[in-house]
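**Q**
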Amino acid sequence: MAKSGANVGPPKSMVDRSVGEALGDYVIQTLGVAAAEVQKLYHDPFELLTRAVQPVLWLMLFGEVMARVRGVAPGDIPYLDFLAAGILAQSALFVAIFYGISAIWEHDLGVLQRYLVSPAPRSALVLGKALSAGVRALSQALIVYVLALLLGVGIDLNPLSILGVAAAIVLGSALFSTLSLIIACIVKTRERFMGIGQVLTMPIFFASNAIYPLSLMPDWLRAVSHVNPLTYEVDILRALMLTRGVSDYGFLLDFGVLLAVTAGLTAIAARMYGRMGY
Amino acid sequence: MPDDQADAPIPDAAVRAFALTRKFGDLTAVDRVTLTINQGEIFGLIGPNGAGKSTLIKMLTTLLPPTSGSAAIAGYDIVTQPADVRRHIGYVPQLLSADGSLTGYENMLLSARLYGIPRRERAERITGALARMGLSEVADHLAGQYSGGMIRRLEIAQSFLHRPAVLFLDEPTVGLDPSARETVWEHVIDLRDRFHRTMIVTSHHMDEIDKFCDRIALIDRGRIAAVGTSSELKAHVGPDATLDDVFLRLVAATSETETEGNYGEIRRERRAAQEHG
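Just so you know, the sequences run in chain order A and B.
Be aware that the first sequence starts at 1, since it is given in our numbering, and climbs by one per residue.
Be aware that the second sequence starts at 1, since it is given in our numbering, and climbs by one per residue.
#1: Pull out every residue of the stretch 102-135 of chain B whose Cβ sits closer than 9 Å to any Cβ of chain A, in chain order.
#2: Residues of the stretch 55-71 of chain B with a CB closer than 8 Å to any CB of chain A: list them in chain order, please.
#3: Are there 16 or more other CB atoms within 10 angstroms of the CB of residue 107 (chain A), so buried, or fewer, so exposed?
#4: Over the uninterrupted alpha helix (DSSP H) stretch that includes residue 134 (chain A), give me the two end residues.
#5: Any beta carbon from chain A within less than 9 Å of residue 146 (chain B)'s own beta carbon?
#6: Could you check what DSSP says for residue 199 (chain B) in three-state terms: helix, strand or coil?
#7: Rounded to a whole number of angstroms, what is the C-alpha to C-alpha distance between residue 276 (chain A) and residue 52 (chain A)?
#8: Taking contact to mean 3 or more Cβ pairs, one atom from each stretch, closer than 8 Å, check whether the stretch 81-99 of chain B and the stretch 153-170 of chain B are in contact.
#9: Got a sec? Which residues, its chain only, sit under 8 Å from residue 224 (chain B) by beta carbon, not counting five neighbours each side?
#10: Do you know offhand how far residue 8 (chain A)'s Cα is from residue 181 (chain B)'s?
#11: Exposed or buried, what is residue 209 (chain A) when buried is set at 16 or more other beta-carbons lying within 10 Å of its beta-carbon?
#12: Going by C-alpha to C-alpha distance, which of A:212, A:241, A:219 sits closest to residue 160 (chain A)?
#13: Mind pulling the chain A residues with CB within less than 8 Å of residue 93 (chain B)?
#14: Could you confirm whether any beta carbon from chain A is found closer than 9 Å to the beta carbon of residue 14 (chain B)?
#15: Per the DSSP calculation, residue 223 (chain B) is bridged to which residue(s)?
#16: So residue 99 (chain B) contacts chain A; which residues on that side make the cut at Cβ distance below 9 Å?
#17: Output needed in chain order: residues of the stretch 52-73 of chain A with a Cβ under 9 Å from some Cβ in chain B.
#18: For residue 208 (chain A), report the span of its alpha helix (DSSP H) as first-last.
#19: Give me the Cα-Cα distance between residue 167 (chain B) and residue 120 (chain B), rounded to the nearest whole angstrom.
#20: Within 9 Å (strictly less), CB to CB, does residue 83 (chain B) reach chain A?
#21: Three or more C-beta pairs under 8 Å: does that hold for the stretch 81-93 of chain A against the stretch 23-33 of chain B?
#22: What residues of chain A sit near residue 152 (chain B), judged by a beta carbon separation below 9 Å?
#23: Would DSSP call residue 126 (chain B) helix, strand or coil?
#24: Tell me which residues share the same chain as residue 238 (chain A) and place their Cβ nearer than 6 Å to its Cβ, disregarding the 5 neighbours each side in the sequence.
#25: May I have the straight-line CA-CA distance separating residue 96 (chain A) from residue 186 (chain B), to the nearest angstrom?
#26: 9 Å is my cut-off, CB to CB: does residue 31 (chain A) come that close to chain B?
#27: Cβ atoms of residue 214 (chain A) and residue 226 (chain A): under 9 Å apart, would you say?
#28: Please state if the CB of residue 173 (chain B) and the CB of residue 196 (chain B) are separated by a distance shorter than 9 Å.
#29: Taking the C-alpha atoms as reference points, what is the distance between residue 154 (chain B) and residue 236 (chain A)?
#30: If you run the structure through DSSP and keep just helix, strand and coil, what is residue 43 (chain B)?
#31: Look at the alpha carbon of residue 194 (chain A) and the alpha carbon of residue 207 (chain B), and state the distance between them as a whole number of angstroms.
#32: Taking 9 Å as the threshold (beta carbon to beta carbon), is residue 215 (chain A) in contact with chain B?
#33: Nearest by alpha-carbon distance to residue 140 (chain A): which of A:186, A:169, A:158 is it?
#34: Would a C-beta distance cut-off of 9 Å place residue 143 (chain B) and residue 103 (chain B) closer than the cut-off?
#35: For residue 59 (chain A), which three-state DSSP category applies?
#36: In three-state DSSP terms, what is residue 17 (chain A)?
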C-alpha cells in the first residue's frame, strides 16, 4: 500500500505544471520573501541608521589618518578614494554576514515553519532572503556614496557605473548572507552565531583588498585573498565607483566568481534550510 | 490490505498514514501510526506532552521526513510528493508564525505570493479572509500589536488563504482566555462548514476537544492508544466518564514522559504561550 499509494492522487500534480508556470511562481515566491523584508525595513528603519555609523567611522577616522601614509594605494589613486570602495564592500559584508541570525530568530518564533510548509521551493526562500540582504546593503551604499562625495573622493556618477556598483553589491550581499544562513543552520543558537559571526568578519575583511592592495601582502596572505570572494567584489566596486579606478582581474572573472560562489552556496543553503524545521 | 485495492484513489480520505514511524536515535517518537482521517472531519489529537503529537504533525506537514512507513494527504505521498502535499495543506504551528513586524495585510500578502495565488485575485481574497476573521479594521496595523486571539485568527486566515484540503492546527488555543478560545473554535468550524475542509487540531483542553471534534485519537508514547468519537472513547472507560477520565485512564501508566519535553522546547512553548496571551 505504501509504495503504490505514492502514485495515486488528484490529477493536477506539480509535475503536470508547465515550466513557464513554475518559473513564474518561483520568481513571485522569491520576490515575495524579499518584499516582506523590505516592508519590515520600511516599518522600522532605525536599524539602517545605526548601521551607517560604522562606515562613517572607518572613512573619517581610519581613512583620514591612513591617507597621510604614502605608497599604500597603487598608482595615482588617493588613499581615501581607494579606501572608499573597500568600505562600501565592508558595510555590505557586515550587513550580510549577520543575516543568518534572523533565520534563527524566525525558527525560534515559528515564522520559519510557515515558510517551510509553503509550496515555495527552498531555494526560492533562500534567494528571497539573500535578495533582501542586498536591498539592505544598497541603503548602506547610498550613505557611503554621500559621505565619499562630501570627503572629496572622485566618484564616477555615470548611471551605468552606478548600476554596475548596485549589481555587485546585491550579488556580494547575496553571497555572504547565504553563507551566513548556512552557518545559522549549523550552529542553531543566537549566542553561538554571534561568536562565529565575529570570528568570520575579520579574516574575510582583512584577507582581502578592501583597505590595502594585495601587493603589500606576504605571499601566504595574498594566496588566501585570491580565494576570498570579497576581493572580487571590491575589484568591481573600485573600478566602477571611482573616476580613477581600474579593475585588476576584469569584470568577467569578478562577476563569474561571485555568481558561481553564490549559486553553490544557495544550493547548499536550500538543503540545510529545509532541515531547520525538524 | 491487498495492493490492487490500495491503487484505487479514495477521495474521501484526507489523511492516510500507514505504519508511520519516526525515530530520534534510540528514541521512537512516533511508533507505527496507522490512521485514516476523513474529508470534512474535525479531528482531535490528544495525548500527554512528549507523546509524539507534534512529531506526527511535523511528518504529515512534510517538515520532518519519517524514518519508515508512509502517509498521504489528499492522495499525495508525503515523502515522494512533498511539493504537492504542501500545496494542499495549511499549518498553524503552536509557535508564533505571523510576523509581528509586518501588518496583517502584509502577512497575508506574503502567504498569497508563497502559495501562488494569482495577482488579480490576491487583494479580493485577502480582504475577504480578513473580514471573515474579524480583522478588517486592524488590517494595516502591525501584527506585533495584535492580541493573542487576533494573532491566532490572522494565522488561521494566512494558512487557509489557498483553501487547503487539510488544515493542521497545533494547540491553536494555547495561552488564550476562554472567550478568545471560543472565537478561534467558531472560526475553525465555520471554515470547515463553509468549505468542507478537514481540520486536524491538537489541544490540552479536553472540554474543547470533546465539544468540537468529530473524532479523536489519543496518542501515548508514540502510538495511538485509542481512536473514535468522543462518546465511543468515553463508553470504553465507563458510564458517566468524561474525556479527562479517558485521558487519565489510558495514559495513567506513563505519568512522566521523557521524550520531547527538553529545556529548549519548553522555553519556546512558554514564550509562544506568552506572546499569544
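Think of the CB as a built atom: it goes at the ideal place given N, C-alpha and C, for glycine as much as any other residue.
**A** Quick look at the numbers:
#1: Across the stretch 102-135 of chain B, CB contacts with chain A closer than 9 Å involve 102, 103, 106, 107, 109, 110, 111, 112, 113, 114, 115, 116, 119, in sequence order along the chain.
#2: Cβ contacts with chain A come from 58, 61, 62, 63, 64, 69, 70.
#3: Classified as buried, residue 107 (chain A) has 16 or more neighbouring CB atoms from the shown chains inside 10 Å of its CB.
#4: Segment 122-150, the alpha helix (DSSP H) holding residue 134 (chain A).
#5: Taking Cβ atoms only, chain A never reaches closer than 9 Å to residue 146 (chain B), which makes this a no.
#6: In the three-state scheme derived from DSSP, where H, G and I count as helix and E and B as strand, residue 199 (chain B) is classed as strand.
#7: Taking the straight line joining both Cα atoms gives about 32 Å.
#8: Output reads yes: the stretch 153-170 of chain B touches the stretch 81-99 of chain B.
#9: Counting only residues of its own chain and dropping the five nearest sequence neighbours on each side, residue 224 (chain B) has a CB closer than 8 Å to the CB of 33, 34, 35, 217, 218.
#10: Bear in mind that a pLDDT of 41 at residue 8 (chain A), under 50, signals an unreliable position, so the number given afterwards is only what the model happens to contain. When rounded, the distance between both Cα atoms is 38 Å.
#11: Buried, since its Cβ has 16 or more Cβ neighbours within 10 Å.
#12: Answer by Cα proximity: A:241.
#13: Residues of chain A passing the Cβ test: 110, 113, 114.
#14: With 9 Å as the cut-off, residue 14 (chain B) does not count as an interface residue toward chain A.
#15: According to DSSP, residue 223 (chain B) bridges with B:220.
#16: Taking a Cβ-Cβ cut-off of 9 Å, the neighbours of residue 99 (chain B) in chain A comprise 36, 40, 106, 109, 111, 114, given in sequence order.
#17: Within the stretch 52-73 of chain A, no residue has a Cβ that lies closer than 9 Å to any Cβ of chain B.
#18: No alpha helix (DSSP H) holds residue 208 (chain A); DSSP gives it neither H nor E.
#19: Those two C-alpha atoms are separated by around 25 Å.
#20: Chain A contact via Cβ: present.
#21: These segments do not touch.
#22: Ordered by position in chain A, no residue passes the 9 Å Cβ test against residue 152 (chain B), which lies about 12 Å from the chain.
#23: Residue 126 (chain B) falls in the helix class under three-state DSSP.
#24: Closer than 6 Å at Cβ, skipping near neighbours: 85, 245.
#25: If you take the alpha carbons of residue 96 (chain A) and residue 186 (chain B), they lie about 44 Å apart.
#26: Chain B contact via Cβ: present.
#27: For residue 226 (chain A) and residue 214 (chain A), yes; Cβs fall inside 9 Å.
#28: Taking 9 Å as the cut-off, the Cβ atoms of residue 196 (chain B) and residue 173 (chain B) do not count as close.
#29: C-alpha separation (whole angstroms): 45 Å.
#30: In the structure shown, residue 43 (chain B) adopts extended strand secondary structure according to DSSP, grouped into three states.
#31: The alpha-carbon atoms of residue 194 (chain A) and residue 207 (chain B) are separated by roughly 45 Å.
#32: When Cβ-Cβ separations below 9 Å define contact, residue 215 (chain A) makes no contact with chain B.
#33: The option with the nearest alpha carbon to residue 140 (chain A) is A:169.
#34: Yes; because the gap between Cβ atoms is below 9 Å, this pair is in contact.
#35: In the three-state reduction of the DSSP assignment, residue 59 (chain A) falls in the helix class.
#36: Secondary structure at residue 17 (chain A): coil, using DSSP grouped into helix, strand and coil.
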